[in-house]
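One structure is given here, and the rest of the page talks about it.
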Amino acid sequence: MVGMDSKYKWEMYQGSINGVKGDVVFKKIKSGVKTAATWINDSLLVYAKISKPNKNGSKFFDLYKYNISDKKEKRLTEGLRSYSPVFDENDQTIYAINTYDGTSNILAGNLEFSDYKQITNFNNGTQIYSLTISDSLI
Numbered sequence: 087m088v089g090m091d092s093k094y095k096w097e098m099y100q101g102s103i104n105g106v107k108g109d110v111v112f113k114k115i116k117s118g119v120k121t122a123a124t125w126i127n128d129s130l131l132v133y134a135k136i137s138k139p140n141k142n143g144s145k146f147f148d149l150y151k152y153n154i155s156d157k158k159e160k161r162l163t164e165g166l167r168s169y170s171p172v173f174d175e176n177d178q179t180i181y182a183i184n185t186y187d188g189t190s191n192i193l194a195g196n197l198e199f200s201d202y203k204q205i206t207n208f209n210n211g212t213q214i215y216s217l218t219i220s221d222s223l224i
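When the sequence shown is numbered by the numbering used here, its final residue is 224 and no position is left out of the sequence of numbers.
In structure tokens form, the structure reads like this:
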């Protein structure tokens with residue numbers, strides 16, 4: 087779950103149901119997450135957040151993965167302006183939106199996003215806000 091804390095900072099929470107009455111308890115696991123995470127397996131998720139400023143002071147959305155078991159975060163992209171990742175179990179591919187110069191396109195990459203390709207070629211200001219996987223179609 088991604089939500090805001092009382093100081094209006096985005097946080098990512100892990101929830102579980104406890105007790106006889108089924109009370110839901112959430113524990114913060116990561117700060118700064120801006121979009122919903124996508125689960126890769128039982129302990130690994132991928133999400134987007136704004137990275138620290140580059141040498142020019144610019145900040146971009148980048149993809150990160152987080153392992154809940156060992157509590158380690160790894161940055162997958164650098165300045166790629168990518169967000170809203172979804173994972174397709176069928177072909178073990180992460181899809182994400184990339185926006186550059188006001189136009190969105192869809193990227194497809196491996197689990198480390200070290201090998202990715204742009205699978206759409208919009209160049210007219212097209213905006214994509216989120217992705218959903220349904221039967222092998224995005």
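C-beta atoms are modelled at their ideal positions from N, C-alpha and C, and glycine is treated no differently.
The shortest CA-to-CA distance from Ser216 to any of Ile126, Ile183, Phe173 and Asp187 is the one to Ile183. Closest in C-alpha terms to Ile136, from the list Thr124, Phe146, Leu130 and Tyr181, comes Phe146.
Short of 6 Å from the beta carbon of Thr124, and not among the five residues preceding or following it, lie these beta carbons of its own chain, in chain order: Val132, Pro171, Val172 and Phe173. Annotation: the continuous beta strand (DSSP E) that includes Leu130 extends over Leu130 to Ile136. Assigned with DSSP and collapsed to three states, Glu198 falls in coil, not helix or strand.
A Cβ-Cβ distance of about 4 Å is found for the pair Ala134 and Tyr169, placing them in contact under the 8 Å criterion.
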